[in-house]
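Quick note, the sequences are listed as chains A and B, same order.
Residue numbers are given in this note's numbering: position 208 of the first sequence equals residue 213, and the series is strictly consecutive.
Residue numbers are given in this note's numbering: position 63 of the second sequence equals residue 129, and the series is strictly consecutive.
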Amino acid sequence: MDWGALHTILGGVNKHSTSIGKIWLTVLFIFRIMILVVAAEKVWGDEQDDFVCNTLQPGCKNVCYDHFFPISHIRLWALQLIFVSTPALLVAMHVAYRRHEKKRQFRKGDQKCEFRDMEEIRKQRFRIEGSLWWTYTSSIFFRLIFEAVFMYAFYFMYDGFRMPRLMKCNAWPCPNTVDCFVSRPTEKTVFTIFMIAVSSICILLNVAELCYLLTKFFLKRSKKAGNSKQQPNHENKEETKQNEMNELISDSCQNTVIGFSS
Amino acid sequence: MDWGTLQAVLGGVNKHSTSIGKIWLTVLFIFRIMILVVAAERVWGDEQQDFVCNTLQPGCKNVCYDHFFPISHIRLWALQLIFVSTPALLVAMHVAYRRHEKKRRFRNGEKIDIEELKNEKIHIRGPLWWTYTSSIFFRIVFEAVFMYVFYYMYDGYQMPRLVKCNAWPCPNTVDCFVSRPTEKTTFTIFMLAVSGICMMLNLAELCYLVLKICMKGSRKTT
Numbered sequence: 006m007d008w009g010a011l012h013t014i015l016g017g018v019n020k021h022s023t024s025i026g027k028i029w030l031t032v033l034f035i036f037r038i039m040i041l042v043v044a045a046e047k048v049w050g051d052e053q054d055d056f057v058c059n060t061l062q063p064g065c066k067n068v069c070y071d072h073f074f075p076i077s078h079i080r081l082w083a084l085q086l087i088f089v090s091t092p093a094l095l096v097a098m099h100v101a102y103r104r105h106e107k108k109r110q111f112r113k114g115d116q117k118c119e120f121r122d123m124e125e126i127r128k129q130r131f132r133i134e135g136s137l138w139w140t141y142t143s144s145i146f147f148r149l150i151f152e153a154v155f156m157y158a159f160y161f162m163y164d165g166f167r168m169p170r171l172m173k174c175n176a177w178p179c180p181n182t183v184d185c186f187v188s189r190p191t192e193k194t195v196f197t198i199f200m201i202a203v204s205s206i207c208i209l210l211n212v213a214e215l216c217y218l219l220t221k222f223f224l225k226r227s228k229k230a231g232n233s234k235q236q237p238n239h240e241n242k243e244e245t246k247q248n249e250m251n252e253l254i255s256d257s258c259q260n261t262v263i264g265f266s267s
Numbered sequence: 067m068d069w070g071t072l073q074a075v076l077g078g079v080n081k082h083s084t085s086i087g088k089i090w091l092t093v094l095f096i097f098r099i100m101i102l103v104v105a106a107e108r109v110w111g112d113e114q115q116d117f118v119c120n121t122l123q124p125g126c127k128n129v130c131y132d133h134f135f136p137i138s139h140i141r142l143w144a145l146q147l148i149f150v151s152t153p154a155l156l157v158a159m160h161v162a163y164r165r166h167e168k169k170r171r172f173r174n175g176e177k178i179d180i181e182e183l184k185n186e187k188i189h190i191r192g193p194l195w196w197t198y199t200s201s202i203f204f205r206i207v208f209e210a211v212f213m214y215v216f217y218y219m220y221d222g223y224q225m226p227r228l229v230k231c232n233a234w235p236c237p238n239t240v241d242c243f244v245s246r247p248t249e250k251t252t253f254t255i256f257m258l259a260v261s262g263i264c265m266m267l268n269l270a271e272l273c274y275l276v277l278k279i280c281m282k283g284s285r286k287t288t
């Protein structure tokens with residue numbers, strides 16, 4: 006169970022996302038997880054080995070390191086990425102539930118069921134409407150909350166996003182005050198700022214997706230209200246066209262070589 | 067999630083590239099990513115362990131290392147390769163969108179064979195030409211930016227054997243010795259050369275695309 010397995014799990018969710026959701030997933034995998042694995046883990050690899058304190062007192066370095074780095078940046082980022090990816094599973098579960106319902110209908114021989122075979126049910130792409138809309142929107146909301154909470158946790162735990170070169174430590178058993186030097190502080194600061202920037206981009210994408218879904222919902226509602234006044238059963242051609250366009254735009258990345266489609 | 071996944075992602079773009087684009091992708095994977103993973107990472111592996119300063123002052127080595135190597139070469143190359151590969155995804159998204167359009171027309175009753183559609187090679191024309199050309203332009207910009215950053219950060223492309231450091235808490239001036247400077251210089255120059263080759267391939271591809279459209283334009287008018 007590693008990042009590759011997460012990639013496989015989330016890949017299937019991609020099919021039922023909006024286009025902004027697909028861009029978000031790409032940014033998550035290429036600019037966050039990949040950078041973490043390929044670069045950041047090596048920068049923090051020797052963080053305790055090369056954390057040097059100006060003292061001969063045994064135990065002082067351990068205590069100072071633990072005092073200044075309660076949770077390592079790398080572990081915080083790994084937790085953040087896992088928590089931020091998990092709400093998408095709600096959507097996957099909801100889609101699986103709907104699919105199961107349709108299979109059950111099909112098996113019972115329901116006349117209303119429009120599918121010819123199980124294969125079609127398996128491949129069907131569900132539109133983001135009704136209860137699925139609520140699930141999808143709440144998953145985006147939770148993603149935003151988790152991103153914000155982790156960014157704040159970083160800021161609070163490390164007093165900002167800069168890694169200092171020198172830390173003055175006076176925890177027991179260190180004698181008086183001891184100078185401790187951090188390994189690779191500049192490189193760490195650069196990567197911290199990079200990850201924060203990409204985190205913010207992801208937050209903006211999520212906010213944009215939330216606004217898009219809310220706008221779509223309200224537009225649909227106002228059109229329905231308008232239609233019910235004129236002709237209750239008349240199919241609004243413009244709405245159908247708009248739905249098709251939205252479907253096109255959301256399907257535009259379905260067959261990309263990212264390989265997310267299951 | 068590693069270089070192999072990036073290769074899988076970019077592999078599909080290959081089908082819709084020009085022949086120069088295909089050569090560029092091969093050079094990227096074999097001469098840059100593979101060299102990075104298989105060789106360069108080991109050369110820089112012990113960069114901090116074997117960075118030795120002529121002092122007993124605790125913390126001096128850490129501070130001097132940080133002063134002379136703000137971002138390691140390896141990380142800069144990894145970032146460069148990721149940024150340079152990413153514009154190709156724009157092309158992949160555009161191609162997927164076009165394919166979807168054709169499928170929609172097929173569903174609406176137009177006579178198009180679906181198998182043919184899947185295997186069809188989409189020609190670089192119209193809006194796809196603009197997407198493709200802008201992706202090449204961004205690649206060139208990213209390559210140039212990173213090459214400049216390397217030059218600026220390390221005052222050239224040569225790795226010195228000795229660096230003189232007087233950052234606090236080092237007492238006065240301290241001599242610090244870099245680990246494997248000659249091997250690092252060799253690899254830096256190699257990666258720079260391949261970077262240069264990639265830039266030239268991108269420029270050639272850009273010229274080819276621009277010429278193609280100009281010739282098409284002149285043929286239409288005559």
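Using N, Cα and C, we set each Cβ at its ideal position, and we do this for glycine too.
query, result
"Straight-line Cα distance separating glycine 70 (chain B) from glycine 111 (chain B)", "21 angstroms"
"Neighbouring residues, chain B, relative to aspartate 31 (chain A) (Cβ below 8 angstroms)", "First, the residue type needs correcting, since residue 31 (chain A) is threonine and not aspartate in the sequence shown. Result: Leu155."
"Collapsed DSSP secondary structure at valine 244 (chain B) in the structure displayed", "coil"
"Partner residues on chain B for glutamate 192 (chain A), Cβ-Cβ distance less than 9 angstroms", "Asp132, Phe135, Pro136, Ile137, Ser138 and Arg141"
"Amino acids of chain B, ordered along the chain, whose beta-carbon sits closer than 7 angstroms to that of aspartate 51 (chain A)", "Gln114"
"Enclosing alpha helix (DSSP H) for leucine 95 (chain A) [first to last residue]", "92-113"
"Per DSSP, cross-strand counterpart(s) of methionine 257 (chain B)", "None, per the DSSP bridge assignment."
"Rounded C-alpha distance that separates alanine 45 (chain A) from phenylalanine 196 (chain A)", "7 angstroms"
"Meets three-Cβ-pair contact criterion under 8 angstroms: the stretch 207-221 of chain A and the stretch 91-106 of chain A", "no"
"Reference aspartate 241 (chain B), options B:Glu271, B:Ser201, B:Cys231 and B:Cys273, closest by Cα", "B:Cys231"
"Residues that arginine 170 (chain A) contacts on chain B, provided the C-beta gap is smaller than 7 angstroms", "Val129 and Asp132"
"Beta-carbon spacing of leucine 258 (chain B), tyrosine 223 (chain B) below 9 angstroms", "yes"
"Where serine 266 (chain A) sits in the DSSP three-state scheme", "Here the model assigns serine 266 (chain A) a pLDDT of 35, short of 50, so the residue's position is not dependable and the matter cannot be decided."
"At least 3 beta-carbon pairs within less than 8 angstroms: the stretch 178-194 of chain A vs the stretch 22-35 of chain A", "no"
"Buried versus exposed call for glycine 87 (chain B) [16 or more other C-beta atoms within 10 Å across all chains shown]", "buried"
"Aspartate 55 (chain A), DSSP secondary structure in three states", "coil"
"C-alpha gap between histidine 239 (chain A) and asparagine 19 (chain A), whole angstroms", "Unreliable placement is indicated for histidine 239 (chain A), whose pLDDT of 49 sits below 50; no coordinate value is reported for it."
"For serine 284 (chain B), the three-state DSSP class (helix, strand or coil)", "helix"
"Cysteine 185 (chain A), enclosing beta strand (DSSP E) - first and last residue", "183-186"
"Which residues DSSP lists as bridging valine 118 (chain B), in chain order", "B:Phe243"
"Contact list for alanine 144 (chain B) against chain A, beta-carbon separation under 7 angstroms", "Val43 and Ala44"
"Length of the line joining the Cα atoms of glycine 16 (chain A) and glycine 26 (chain A)", "12 angstroms"
"Beta-carbon neighbours of isoleucine 89 (chain B), restricted to chain A and to distances below 9 angstroms", "Within chain A, no residue comes near isoleucine 89 (chain B); the closest Cβ sits about 19 angstroms away, beyond 9 angstroms."
"Reduced DSSP secondary structure (H/G/I, E/B, other) of cysteine 126 (chain B)", "helix"
"The stretch 104-122 of chain B touching the stretch 137-156 of chain B, judged by at least three CB pairs closer than 8 angstroms", "yes"
"Cβ neighbour criterion (16 or more within 10 Å) applied to threonine 13 (chain A)", "exposed"
"Assigned exposure category for serine 284 (chain B) - 16 Cβ within 10 Å defines buried", "exposed"
"Listed by chain order, chain B residues near valine 48 (chain A) by CB distance under 8 angstroms", "Ser138 and Arg141"
"Leucine 155 (chain B) (DSSP reduced to helix, strand or coil)", "helix"
"Candidates A:Leu41, A:Lys108, A:Tyr160 and A:Cys65, of which the one nearest alanine 83 (chain A) by Cα", "A:Leu41"
"CB contact check: isoleucine 35 (chain A) to chain B, cutoff 9 angstroms", "yes"
"Coarse secondary structure for methionine 6 (chain A), derived from DSSP in three states", "coil"
"Given 8 angstroms, three or more beta-carbon pairs between the stretch 114-121 of chain B and the stretch 255-270 of chain B", "no"
"Partners in chain E for aspartate 164 (chain A), counting only beta-carbon separations shorter than 9 angstroms", "The chain inventory of the structure shown lacks chain E, comprising the protein chains A and B."
"Length at least 3, wholly inside the stretch 211-237 of chain B: the beta strand (DSSP E) runs in chain order", "228-231"
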